[in-house]
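**Student:** To get my numbering, take the position in the sequence shown, counting from 1, and add 2.
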Amino acid sequence: MTFSIVARDGTTGEWGVAVASKFLAVGSVVGWAQAGAGAVATQAMANIAYGPEGLRLLAAGSSASETLAALVEPDTDREHRQVGLVDASGGVATFTGSECFDWAGGHTGDGYACQGNILTGPEVVQAMATTFESSVGDLGTRLLAALGSGDEAGGDKRGRQSAALLVAREGGGYGGGFDVSVDLRVDDHAHPVDELRRLLDIHRLIFPRPEDLEFVALDDDLASRLRAALEIAGWDAGSDLRAALYAYVGTENLEERWSDDESVIERGILRHLGA
């Protein structure tokens with residue numbers, strides 16, 4: 003009752019999962035990822051233990067195919083399960099049990115695996131694969147693009163309810179202290195994939211990737227524009243522009259875009275402020 007994609011981006015060192023379903027809070031069940039280890043999507047009559055156990059095996063050095071075998075072979079209900087995996091080096095595997103409801107199946111490609119069950123047809127999985135292979139950008143962008151294509155191709159034949167996106171990269175979490183760089187969930191919504199896109203845009207604003215930050219010189223002309231924009235936004239820049247900016251940034255949760263260098267300002271702050 004779900005369609006998903008697991009993937010690795012070897013260039014950026016990211017692993018992730020995107021998933022959608024006619025199921026409440028699908029993100030709380032299906033997607034698992036760990037930087038340096040891999041990612042797992044467990045679905046159909048999901049065995050949630052496949053998530054943490056799969057990551058444990060992947061982190062210990064097992065390949066995606068080895069991990070898949072270790073998960074499904076001892077499981078007496080395996081024919082009701084569906085799972086997709088990508089390992090540390092980008093190896094992939096997907097499994098669809100013979101008792102999963104039609105349409106059910108999967109597809110693997112270079113660094114990714116797509117799978118789904120109770121879908122409108124095989125075109126859902128194929129659309130995800132085609133889009134992922136042709137898309138550009140960071141892994142989260144590509145995963146969400148693939149999920150959107152699957153949704154547009156028909157998705158879950160029972161309808162729509164929830165969607166989620168999970169991406170892990172070393173030090174990618176808030177403040178660099180852990181590896182979950184994106185963990186967004188739409189638990190109950192008429193158009194969950196569209197809502198997930200909206201949330202990802204907000205996430206990118208508040209939690210930018212370090213390589214996406216762009217600092218520009220804070221000259222007199224820009225300082226004047228900033229004062230005017232702050233006034234319009236209800237902030238009194240007064241004689242201390244720096245203090246007003248710092249207060250604004252803290253209120254808007256833009257701390258990840260702040261610089262201690264007083265001679266520059268990050269372009270995302272300017273866009274958000276309209277300066």
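C-beta atoms are modelled at their ideal positions from N, C-alpha and C, and glycine is treated no differently.
So S6 packs on Q45, CB below 8 Å; how close in whole Å?
**Tutor:** 6 Å
**Student:** For R278, write down the residues that DSSP places opposite it in a beta bridge.
**Tutor:** Absent from the structure is residue 278, since the part of the chain shown begins at 3 and ends at 277.
**Student:** Taking its Cβ as the centre, do 16 or more other Cβ atoms sit within 10 Å of S265, making it buried, or is it exposed?
**Tutor:** exposed
**Student:** Could you check where the alpha helix (DSSP H) with H109 kicks off and where it finishes?
**Tutor:** Taken as a continuous stretch (DSSP letters only), H109 belongs to no alpha helix (DSSP H), being part of the beta strand (DSSP E) at 107-111.
**Student:** Closer than 8 Å is the cut-off here; do at least three beta carbon pairs connect the stretch 102-118 with the stretch 131-143?
**Tutor:** yes
**Student:** On the three-state DSSP scale, how would you describe D158?
**Tutor:** strand
**Student:** Between V88 and the rest of its own chain, which residues show a CB-CB distance below 7 Å, the 5 nearest in sequence each way excluded?
**Tutor:** V8, A9, R10, W17, G40, A41, A66, V94, G113, Y114, A115.
**Student:** Report buried or exposed for A245, applying the criterion of at least 16 other Cβ atoms within 10 angstroms of its Cβ.
**Tutor:** exposed
**Student:** Assign V2 to one of three DSSP states: helix, strand, or coil.
**Tutor:** Only positions 3 to 277 of the chain appear in this structure, which leaves residue 2 out of reach.
**Student:** Is there contact here, the stretch 170-180 with the stretch 189-201, by at least three beta-carbon pairs under 8 Å?
**Tutor:** no
**Student:** If you drop the 5 nearest sequence neighbours on each side, which residues of the same chain put their C-beta closer than 6 Å to that of H191?
**Tutor:** E197
**Student:** Please report the distance separating the alpha-carbon of A37 from that of L60.
**Tutor:** 10 Å
**Student:** Are the CB atoms of F97 and L70 within a distance shorter than 8 Å?
**Tutor:** yes
**Student:** Is DSSP giving A43 helix, strand or coil here?
**Tutor:** Here A43 sits in strand by DSSP.
**Student:** Quick one: give me the first and last residue of the beta strand (DSSP E) that L60 is part of.
**Tutor:** Premise fails: L60 lies in the alpha helix (DSSP H), 52-61, not in any beta strand (DSSP E).
**Student:** Could you say which of G63, G139, G92, Q84 lies nearest to R211 if we only look at CA atoms?
**Tutor:** G139
**Student:** With a threshold of 7 Å on Cβ separation, who are the neighbours of R80 within its own chain once the five nearest residues in sequence on each side are excluded?
**Tutor:** V74, G99
**Student:** Give the DSSP-derived three-state secondary structure of D153 in the structure shown.
**Tutor:** In the structure shown, D153 sits in a helix (DSSP, three-state: H, G or I).
**Student:** By Cβ distance, which residues of its chain are closer than 6 Å to G92, with the 5 residues on each side in sequence left out?
**Tutor:** Cβ within range, chain order: R10, G12, G113.
**Student:** On the CB-based measure, 16 or more other CB atoms within 10 Å of its CB, does I271 come out buried or exposed?
**Tutor:** buried
**Student:** For S23, which option in W34, L121, H82, D262 has the closest C-alpha, if you only look at C-alpha atoms?
**Tutor:** Put simply, of W34, L121, H82, D262 the residue whose alpha carbon is nearest the alpha carbon of S23 is L121.
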